[in-house]
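Peer 1:
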Amino acid sequence: MQLLVTPQLDSQENYWLQSLRTNLKAGEEIRGLMEKYERNRKKKDYEAVMNLITRANWEQMEVEKKMCDALKELFAEELKEADQQGAKRGRTEGIERGRTEGLKLAKSIFRLSAQGMPAEKIAETCGLSLEQVQEVLE
Numbered sequence: 013m014q015l016l017v018t019p020q021l022d023s024q025e026n027y028w029l030q031s032l033r034t035n036l037k038a039g040e041e042i043r044g045l046m047e048k049y050e051r052n053r054k055k056k057d058y059e060a061v062m063n064l065i066t067r068a069n070w071e072q073m074e075v076e077k078k079m080c081d082a083l084k085e086l087f088a089e090e091l092k093e094a095d096q097q098g099a100k101r102g103r104t105e106g107i108e109r110g111r112t113e114g115l116k117l118a119k120s121i122f123r124l125s126a127q128g129m130p131a132e133k134i135a136e137t138c139g140l141s142l143e144q145v146q147e148v149l150e
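By my numbering, the letter at position 120 of the sequence shown is numbered 132, and the numbering carries on one by one without gaps.
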């Protein structure tokens, strides 16, 4: 018979074994556990161990979940604002990029046309339809 005294085990080498207990603390300890699990969550062994740890520490896991939910609520408005600002910035950058690319394409169409290239060939070269090329040249 073997007896393991988990507090005496090396915490780095035996992290998951040390976490198999009923007195995990909500907060940093559980968040650290969740972060390490997240990196390995697709592996069945980790999933099984995490199920055991969660069941053994259900109340503390619930406390941690409520803290996370409270933080989400607290920052919801700021996150919404940041999301809106990001979307606005993305649209602005997209419009600017579209203008720049459009100007380059128009210049290429005019240059190729000035060199005597037929509209059909310009369309093929630029990856446009014949109608689009004709619209630029009008």
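From the three backbone atoms N, C-alpha and C, an ideal C-beta is built for every residue, glycine too.
1. Let me know the secondary structure DSSP gives T112 once reduced to three states.
2. Please return the same chain residues whose Cβ sits closer than 8 Å to the Cβ of S125, not counting the five positions on each side in sequence.
3. Look at Q72 and K37 and say whether their C-beta atoms are less than 8 Å apart.
4. According to DSSP, simplified to helix, strand and coil, what is Q20?
5. Figure out for me which residue from R67, E47, N52 has the closest Cα to the Cα of N35.
Peer 2: In short, the structure shows the following:
1. helix
2. Cβ neighbours of S125 beyond the five flanking positions: A131, I134, L149.
3. yes
4. helix
5. R67
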